[in-house]
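Number of protein chains: 2
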Amino acid sequence: MRIVVLAGGIGGARFLRGLKQAAPDAEITVVGNTGDDIHLFGLKVCPDLDTVMYTLGGGINEEQGWGRTDESFTVKEELAAYGVGPEWFGLGDRDFATHIVRTQMLAAGYPLSAVTEALCARWQPGVRLLPMSDDRVETHVAIEVDGERRAVHFQEYWVKLRASVDAKAVVPVGAEAAKPAPGVLEAVAEADVILFPPSNPVVSVGTILAVPGIREAVATAGAPVVGLSPIVGDAPVRGMADKVLAAVGVESTAAAVALHYGTGLLDGWLVDTVDAGAVADVEAAGIPCRAVPLMMTDVDATAAMARAALALAEEVRG
Amino acid sequence: MRIVVLAGGIGGARFLRGLKQAAPDAEITVVGNTGDDIHLFGLKVCPDLDTVMYTLGGGINEEQGWGRTDESFTVKEELAAYGVGPEWFGLGDRDFATHIVRTQMLAAGYPLSAVTEALCARWQPGVRLLPMSDDRVETHVAIEVDGERRAVHFQEYWVKLRASVDAKAVVPVGAEAAKPAPGVLEAVAEADVILFPPSNPVVSVGTILAVPGIREAVATAGAPVVGLSPIVGDAPVRGMADKVLAAVGVESTAAAVALHYGTGLLDGWLVDTVDAGAVADVEAAGIPCRAVPLMMTDVDATAAMARAALALAEEVRG
Chain U
32 MRIVVLAGGI GGARFLRGLK QAAPDAEITV VGNTGDDIHL FGLKVCPDLD TVMYTLGGGI
92 NEEQGWGRTD ESFTVKEELA AYGVGPEWFG LGDRDFATHI VRTQMLAAGY PLSAVTEALC
152 ARWQPGVRLL PMSDDRVETH VAIEVDGERR AVHFQEYWVK LRASVDAKAV VPVGAEAAKP
212 APGVLEAVAE ADVILFPPSN PVVSVGTILA VPGIREAVAT AGAPVVGLSP IVGDAPVRGM
272 ADKVLAAVGV ESTAAAVALH YGTGLLDGWL VDTVDAGAVA DVEAAGIPCR AVPLMMTDVD
332 ATAAMARAAL ALAEEVRG
Chain G
32 MRIVVLAGGI GGARFLRGLK QAAPDAEITV VGNTGDDIHL FGLKVCPDLD TVMYTLGGGI
92 NEEQGWGRTD ESFTVKEELA AYGVGPEWFG LGDRDFATHI VRTQMLAAGY PLSAVTEALC
152 ARWQPGVRLL PMSDDRVETH VAIEVDGERR AVHFQEYWVK LRASVDAKAV VPVGAEAAKP
212 APGVLEAVAE ADVILFPPSN PVVSVGTILA VPGIREAVAT AGAPVVGLSP IVGDAPVRGM
272 ADKVLAAVGV ESTAAAVALH YGTGLLDGWL VDTVDAGAVA DVEAAGIPCR AVPLMMTDVD
332 ATAAMARAAL ALAEEVRG
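For the protein sequence lines, the chains are U and G, in the order given. Numbered per the numbering used here, the first sequence spans residues 32 to 349. Numbered per the numbering used here, the second sequence spans residues 32 to 349.
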């Protein structure tokens, strides 16, 4: 079975770990969000790709969900001693090596997809990890500061400001000119199942879908497309998805997110059991929906979610 | 008093520490060798400039003479886990930060001289540290491997091969097109004393002098030029200077090095007391020479060497 997953960072990575357990023989292709990539200290940092790679490769810091386990911060402290920041982005020494290798390969002319493959040769994530695009896309968030509107990099909004101010708009800068990375459209076209994990619908899955060609490929794919709600009980399971959902005019409810994706994309939707009341609304909109536990408390629970998603895909398969 | 010192790495840096003690009120300008700079992991590494900066700024690893004190090697180990080397060059985590800052500033368009000044703002070395040039000069060493002549980067010859094979030639690639960094020629012209510390006469001081304009400026400067022999008792005090001296046809003796610099450059020369027999030979060649202890066993001993050099400069001042 060939499964394609459009994944952001922590939520996507943890879901994938469950999916691998649920479908150990599946060929899984992950189309990773690169809209939150950032250049720091002259280095190219791809937080979402790395979170997937480290999580599936056994190198992730389990407690925080991002970055490396057994991490130290000597380089960052030394940079700060030179007065070089930002200090709000937590790059550890082990993590730095990844960005150094990536930056060196990019400078040598390799596209991000080839670099990602090279990095994965070490981590052996057990999935094929593709960036959504080899082209630069940078998610910017419009905020208002003292009545003045200004745009900040997504990481500044998310990590530095911790989404403490309202997002007025979310713009994937460069997306309109980006091309899907090699293999992305083919994987979507040849997939038996396409899954939207409980990643952020706006700045993760939404950014991937903003790359011209990907939304169309998913919408027209022969495979059923099933998503899992990142909203449980009217609140994001983790992160601050409500802030960026508001920016695109979407309520933070499991049903509203399903309708945001819409029947054009979704063939099935999973909500948490606490949101069982939303099932009827989603189905009324034409999207088959089931209520199952959606808290990724451990790999077994996550595998059960993945199995439920695959079961719904089979059920709705045309 | 304005003193200009043409310095390599460890020997130059340790001499400078003694000179600062010997002449606490002097304005010292250091023209640093950049011929052994190397690009590693996409980062610009300037071993000699950093050795001077760390030594005078209190950050040096005292035992090994290069690199940072209290150093760790997490980034390097992680790079090796990606299969990315070279492993023979010991870049520590603290050191990496310096190269990251430097590379970022160079990429932003700052010349190496401005970058060096910015790095020194942290280290406060107590001297003005100038690279010999903002242009790229790379010392290559010609060796013979299985009867075939090939050129290797100086660092590969020195650090990887540990000068275990004969150097057939030493070539400062790019030197002929390099310009002295801003301030170098002015500092030489305005100096009251110019010193050649016991740095390598070929790959350190020699490379600096290979930048068009610097040799001429030193030769025609109004200030006396006094050097200290890096050879004591027919052997290099440290390093493998004999190997590269042989490549340029110079014997590894205190007298031969003086004659290699020659009367065109030197107005005075210090040899170690064990080489007192060489004094007559050097003076016969027209270079005033004194024998004093030249082992930099500690800062006091080094300061005494610096005082001897300054005293000889006064003695020979025209």
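Note that beta-carbon positions come from the ideal geometry of N, C-alpha and C, so glycine has one too.
Selected residue, minimal CA-CA separation from residue i, among the options
i, options, result
"Phe227 of chain U", "U:Thr134, U:Pro78, U:Leu343", "U:Leu343"
"Asp67 of chain G", "G:Asn231, G:Tyr113, G:Arg180", "G:Asn231"
"Tyr141 of chain G", "G:Asp166, G:Tyr292, G:Trp154", "G:Asp166"
"Phe46 of chain G", "G:Thr328, G:Met271, G:Val132", "G:Thr328"
"Gln52 of chain G", "G:Leu87, G:Val61, G:Thr82", "G:Leu87"
"Ala252 of chain U", "U:Val234, U:Leu297, U:Val279, U:Ser235", "U:Leu297"
"Ala237 of chain U", "U:Ala138, U:Val279, U:Asp303, U:Asp265", "Note that residue 237 of chain U is Gly in the sequence shown here, rather than Ala. Checking every option, the nearest Cα to that of Gly237 of chain U belongs to U:Val279."
"Ala250 of chain G", "G:Gly270, G:Tyr292, G:Ala152, G:Lys75", "G:Tyr292"
"Val224 of chain U", "U:Ala44, U:Ala54, U:Arg48", "U:Ala54"
"Gly214 of chain U", "U:Ile245, U:Gly349, U:Ala266", "U:Ile245"
"Thr147 of chain G", "G:Ala316, G:Val183, G:Cys77", "G:Cys77"
Sub-7 Å separation of residue i and residue j beta-carbons
i, j, result
"Leu216 of chain U", "Ala254 of chain U", "no"
"Ala309 of chain G", "Ala285 of chain G", "yes"
"Ile262 of chain U", "Thr294 of chain U", "no"
"Val275 of chain U", "Ala198 of chain U", "yes"
"Phe127 of chain G", "Val106 of chain U", "yes"
"Val172 of chain G", "Val201 of chain G", "yes"
"Val83 of chain U", "Ala38 of chain U", "yes"
"Ile34 of chain G", "Ala57 of chain G", "yes"
"Asp79 of chain U", "Asn64 of chain U", "yes"
"Ile239 of chain U", "Val62 of chain U", "yes"
"Thr358 of chain U", "Val234 of chain U", "Examination of residue 358 of chain U is not possible in this model, given that chain U is present from 32 through 349 alone."
"Arg153 of chain G", "Arg125 of chain G", "no"
"Val196 of chain G", "Ile174 of chain G", "yes"
"Ala222 of chain G", "Met271 of chain G", "no"
"Ala337 of chain U", "Leu50 of chain U", "yes"
"Gln186 of chain U", "Ile91 of chain U", "no"
"Tyr113 of chain G", "Val132 of chain U", "yes"
"Val330 of chain G", "Arg48 of chain G", "yes"
8 Å Cβ shell around residue i - same chain, five flanking residues per side excluded
i, result
"Ala145 of chain G", "Met136"
"Leu71 of chain G", "Pro117, Phe120, Leu122, His130"
"Asp303 of chain G", "Ser260, Val263, Gly264, Ala285, Ala322, Val323, Pro324, Leu325, Met326"
"Ser283 of chain U", "Ile262, Asp265, Ala266, Pro267, Ala272, Asp273, Leu276, Ala277"
"Gln155 of chain G", "Gly88"
"Ile93 of chain G", "Note that residue 93 of chain G is Glu in the sequence shown, not Ile. Hits under 8 Å: Thr100."
Closer than 9 Å at the beta carbon, the chain U residues around residue i
i, result
"Thr105 of chain G", "Glu102, Ser103, Thr105, Val106, Gly123, Asp124, Arg125, Phe127, Ala128"
Cβ neighbours of residue i in the same chain (closer than 6 Å, five flanking residues each side left out)
i, result
"Ala241 of chain G", "Pro203, Ala206"
"Val313 of chain G", "Ala286, Ala289, Trp300, Cys320"
"Ala212 of chain G", "Ser144, Leu161, Pro162, Ser164, Asp165"
"Leu110 of chain G", "none"
"Arg159 of chain U", "Thr60"
"Thr134 of chain G", "Leu74, Lys75"
"Ala209 of chain U", "Ser164, Asp166, Val168, Val242"
"Ala44 of chain G", "Thr82, Val83, Thr86"
"Gly96 of chain G", "Ile41"
"Glu102 of chain G", "Gly123, Arg125"
Spatial neighbours of residue i in its chain, beta-carbon cut-off 7 Å, leaving aside the 5 residues before and after
i, result
"Ala340 of chain G", "Leu226, Val257, Leu259, Leu301"
"Val305 of chain U", "Val263, Gly264"
"His184 of chain U", "Ile69, Glu169, His171"
"Cys151 of chain G", "Met84, Leu160"
Partners in chain G for residue i, counting only beta-carbon separations shorter than 9 Å
i, result
"Arg153 of chain U", "Ala112, Tyr113, Gly114"
Chain-ordered chain G contacts of residue i [CB-CB under 7 Å]
i, result
"Ala138 of chain U", "Gly73"
"Ile318 of chain U", "Chain G residues near Ile318 of chain U: none, gap ~43 Å exceeds 7 Å."
Minimum Cβ-Cβ distance from residue i to chain C less than 7 Å
i, result
"Val323 of chain U", "No chain C appears in this structure, whose protein chains are U and G."
Chain G contact residues for residue i, given Cβ-Cβ distances below 8 Å
i, result
"Leu150 of chain U", "Tyr113"
"Gln135 of chain U", "Phe72, Gly73, Val115"
"Val263 of chain U", "Near Val263 of chain U there are no residues of chain G at all, since even the closest Cβ is about 36 Å away, more than 8 Å."
Interface partners of residue i on chain U, CB under 7 Å
i, result
"Val109 of chain G", "The amino acid occupying residue 109 of chain G in the given sequence is Glu; Val does not appear at that position. The answer, in chain order, is Arg125, Ala128."
Where residue i meets chain U, residues with beta-carbon distance less than 8 Å
i, result
"Val132 of chain G", "Phe72, Leu110, Tyr113, Val115"
Near the ligand FAD: residue i beta-carbon under 6 Å from a heavy atom
i, result
"Ala241 of chain G", "In the structure shown, the ligand FAD is absent, as is every other ligand, since no ligand is present at all."
### Query
Taking only runs of the alpha helix (DSSP H) that begin and end inside the segment 107–168 of chain U, which ones reach a length of at least 4 residues, in chain order?
124–138, 143–154
### Query
Which runs of the alpha helix (DSSP H) spanning at least 4 residues fall entirely within the segment 238–292 of chain G, listed in chain order?
245–251, 272–278, 285–292
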